[in-house]
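Here the protein sequences come in this chain order: W and B. In terms of the numbering used here, the first sequence is residues 508 to 649. In terms of the numbering used here, the second sequence is residues 508 to 649. For every residue, glycine included, the Cβ atom is placed at its ideal position computed from N, Cα and C. Notes follow the structure.
There are 2 protein chains.
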Amino acid sequence: MTVQGTQSGPRLRMTRQRKVILEEIRRVRNHPSADQVYLMVRKRLPHISLATVYRNLDILSAEGAILKLEMGGGQRRYDGETCAHHHVRCVRCGRIGDIPEDACPLPDMAGVEVEGFLLLTRQIEFTGLCRHCAASREAVAG
Amino acid sequence: MTVQGTQSGPRLRMTRQRKVILEEIRRVRNHPSADQVYLMVRKRLPHISLATVYRNLDILSAEGAILKLEMGGGQRRYDGETCAHHHVRCVRCGRIGDIPEDACPLPDMAGVEVEGFLLLTRQIEFTGLCRHCAASREAVAG
DNA sequence: GCCCAAGTGATAACAGTTACCAAAACCGAA
DNA sequence: TTCGGTTTTGGTAACTGTTATCACTTGGGC
């Protein structure tokens with residue numbers, strides 16, 4: 508398992524903590540927050556520090572090993588799935604889901620200049636209602 | 508000028524503070540943070556409280572009068588332009604720009620159900636380099 | 001095994017945002 | 001126009017998520 512990215516800089520070591528964090532975040536499909544990763548990892552490394560979790564989530568996302576999502580709702584979330592896909596955020600409960608790339612194809616605009624910006628990446632961010640919230644809303648509002 | 512949205516709830520009053528906040532945020536094109544709105548508004552209402560600014564930005568976006576942007580970079584930003592358009596965020600300096608809807612057309616997926624989510628809105632979030640950062644990067648990295 | 005830069009744990013500090021509450025302002029009704 | 005009750009405000013404390021700091025530890029090339 509390698510994590511070293513393409514940036515020049517200090518050599519990364521695969522410490523026990525970093526390895527477990529990466530394994531745990533790749534194991535789940537629910538876009539956990541740093542706090543949730545902390546809880547998951549603590550089951551295997553009970554003495555790990557929250558700071559270590561934050562530090563490594565930061566490093567791993569900078570290396571491209573995981574994705575850092577900033578979709579509002581007060582806290583950042585992380586995604587072990589780095590293949591291209593979009594995200595949807597439930598406006599009620601904040602749950603985040605994956606939308607396959609081919610559900611809404613989008614031209615690759617990398618390198619194009621628009622409105623004075625040289626575009627690099629692009630991603631669609633959907634809002635919506637998850638199954639659970641859609642159901643409970645019908646019960647209330649018809 | 509009306510702000511009352513479609514949600515049922517307490518009647519909104521158009522206070523002096525709320526009016527100025529809405530005017531100022533609609534006047535500019537640079538997606539200000541709450542802090543920047545505070546500075547703008549204080550030129551006209553020197554005694555306004557930061558809490559009032561936050562409160563009203565929240566209310567106005569809930570009413571649909573402005574947009575609340577959560578694109579990372581540590582702080583929320585607001586947009587007085589509510590017509591459909593996309594956003595690009597400079598990965599270097601955090602500056603946010605508008606990308607016209609027709610620069611990257613996208614089917615309206617509202618009402619469609621994908622992966623257990625009932626989709627509502629969608630927006631493309633680009634990353635890129637603003638003119639200024641692209642220029643300074645060339646100077647360093649060729 | 002030795003070395004030392006990279007990483008850790010514990011905790012303080014920090015930034016942005018929200019909660020609280022007494023005083024003030026808005027606005028429909030009288 | 002004044003009144004009355006509800007909404008809103010200003011000032012500030014509290015809170016939340018995240019980052020910085022630093023002495024100690026550890027991974028991994030030699």
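task: Taking C-beta pairs closer than 9 Å, name the residues in chain B that W/D605 reaches, listed in chain order.
output: Here residue 605 of chain W is taken as the residue at index 98 of the first sequence, counted from 1. Here the neighbours are E622.
For W/D615, which three-state DSSP category applies? For the purposes of this step, residue 615 of chain W is taken as residue 108 along the first sequence, with counting starting at 1. DSSP places W/D615 in coil when its eight states are reduced to three.
For B/S540, name the three-state secondary structure that DSSP assigns. Indexing the second sequence from 1 puts residue 540 of chain B at position 33. The answer is strand: DSSP assigns B/S540 an E or B state.
Query - Residue ranges of each beta strand (DSSP E) within the stretch 555-606 of chain W, 3 or longer - result: 574-576, 584-586, 592-597
- [ ] Return the first residue and the last residue of the beta strand (DSSP E) that W/L627 is part of.
- [x] Taking the first residue of the first sequence as position 1, residue 627 of chain W is located at position 120. Where W/L627 is concerned, the enclosing beta strand (DSSP E) stretches over 624-637.
Exercise for review: Over the uninterrupted alpha helix (DSSP H) stretch that includes W/K526, give me the two end residues.
Suggested key: For this step, residue 526 of chain W is matched to residue 19 along the first sequence. Its alpha helix (DSSP H) spans residues 523-534.
*asked:* So, does the stretch 594-605 of chain B touch the stretch 569-579 of chain B, judging by three or more C-beta pairs under 8 Å?
replied: yes
Practice item. Counting only the same chain and skipping the five closest in sequence on each side, list residues whose C-beta sits under 8 Å from that of B/S568. Key: To locate residue 568 of chain B, count along the second sequence from 1; it is residue 61. The residues are L574, K575, Y585.
query: Do the stretch 555-566 of chain W and the stretch 554-566 of chain B meet, that is, are 3 or more Cβ pairs less than 8 Å apart?
result: In short, these stretches do not touch, since the Cβ pair count stays below three.
Residues in its own chain within less than 7 Å of B/V619 by CB, not counting five upstream and five downstream? Position 112 of the second sequence, counted from the start, is the residue given in the question as residue 619 of chain B. Excluding positions up to five away in sequence, the list reads L626.
Can you tell me the Cα-Cα spacing of W/L636 and W/R518, whole angstroms? Against the first sequence, residue 636 of chain W aligns to sequence position 129. Against the first sequence, residue 518 of chain W aligns to sequence position 11. Using only the alpha carbons, I get a separation of about 43 Å.
Supposed contact pair W/L529 and W/Y545 - C-beta distance, whole angstroms, cut 8 Å: Counting from one through the first sequence, the residue named residue 545 of chain W turns up at place 38. Counting from one through the first sequence, the residue named residue 529 of chain W turns up at place 22. Contact flag wrong, Cβ pair sits at about 14 Å.
- Item | CA-to-CA distance, W/R536 to B/T509, given in whole angstroms | Counting from one through the second sequence, the residue named residue 509 of chain B turns up at place 2. Counting from one through the first sequence, the residue named residue 536 of chain W turns up at place 29. A caution first: B/T509 carries a pLDDT of 48, below 50, which makes its placement in the model too unreliable to give a value.
What's the C-alpha gap between B/R525 and W/F633?
-> By one-based count along the second sequence, residue 525 of chain B stands at place 18. By one-based count along the first sequence, residue 633 of chain W stands at place 126. Roughly 29 Å between the two C-alpha positions.
task: Would you tell me roughly how many angstroms separate the C-alpha atoms of W/D542 and W/R549, rounded to the nearest one?
output: Residue 542 of chain W sits at position 35 when you count from the first residue of the first sequence. Residue 549 of chain W sits at position 42 when you count from the first residue of the first sequence. Rounded to the nearest angstrom, the two C-alpha atoms are 11 Å apart.
Exercise for review: Leaving out five residues on either side along the sequence, give the residues of the same chain with a beta carbon under 8 Å from the beta carbon of W/M616.
Suggested key: As a working note, residue 616 of chain W is residue 109 in the first sequence. Within the same chain, W/M616 has close Cβ partners L626, R629.
Exercise. Determine the burial state of B/C597: buried for a count of at least 16 other Cβ atoms within 10 Å of its Cβ, exposed for fewer.
Key: On the second sequence, residue 597 of chain B is found 90 positions in, with the first residue counted as 1. Classification for B/C597: buried.
**Request:** Let me know if W/G649 comes out buried or exposed under the rule of 16 or more other beta-carbons within 10 Å of its beta-carbon.
**Result:** In the first sequence, residue 649 of chain W corresponds to position 142, counting from 1. With a pLDDT of only 37 at W/G649, under the threshold of 50, the placement of this residue in the model should not be trusted; the figure read from the coordinates follows. Result: exposed.
Discussion item. Give me the residue from B/V621, B/V595, B/F624 with the minimum Cα distance to B/A610.
Written reply: Locating residue 610 of chain B in the second sequence gives position 103, counting from the first residue. Answer by Cα proximity: B/V595.
Measure the C-alpha to C-alpha separation of B/E655 and B/P614 and round it to an integer number of angstroms. No information on residue 655 of chain B is available, as it lies outside the stretch 508 to 649 that chain B covers here.
**Request:** Could you work out which residues of chain W lie near B/R662, taking near to mean beta carbons separated by less than 8 Å?
**Result:** What the structure shows of chain B is the stretch from 508 to 649, and residue 662 of chain B is not part of that stretch, so it cannot be assessed.
Q) Exposed or buried, what is B/H593 when buried is set at 16 or more other beta-carbons lying within 10 Å of its beta-carbon? A) Working through the second sequence from its first residue, we reach residue 593 of chain B at position 86. Buried is the call here.
Q.
Per the DSSP calculation, B/E620 is bridged to which residue(s)?
A. By one-based count along the second sequence, residue 620 of chain B stands at place 113. According to DSSP, B/E620 bridges with B/L625.
| message | For a contact defined as C-beta to C-beta under 7 Å, what are the partners of B/R638 on chain W? | response | Start at 1 with the first residue of the second sequence, and residue 638 of chain B comes out as number 131. Per Cβ cutoff of 7 Å: G623.
Under a three-way DSSP split, which group does W/R551 fall into? For the purposes of this step, residue 551 of chain W is identified with residue 44 of the first sequence, where counting begins at 1. Three-state DSSP puts W/R551 in coil, outside helix and strand.
For W/T589, which residues from the same chain have a beta carbon less than 8 Å from its beta carbon, with the 5 sequence-adjacent residues on both sides left out?
Here residue 589 of chain W refers to the residue found at position 82 when the first sequence is read from its first residue. Excluding sequence neighbours, W/T589 sits near G571, A572, I573, L574.
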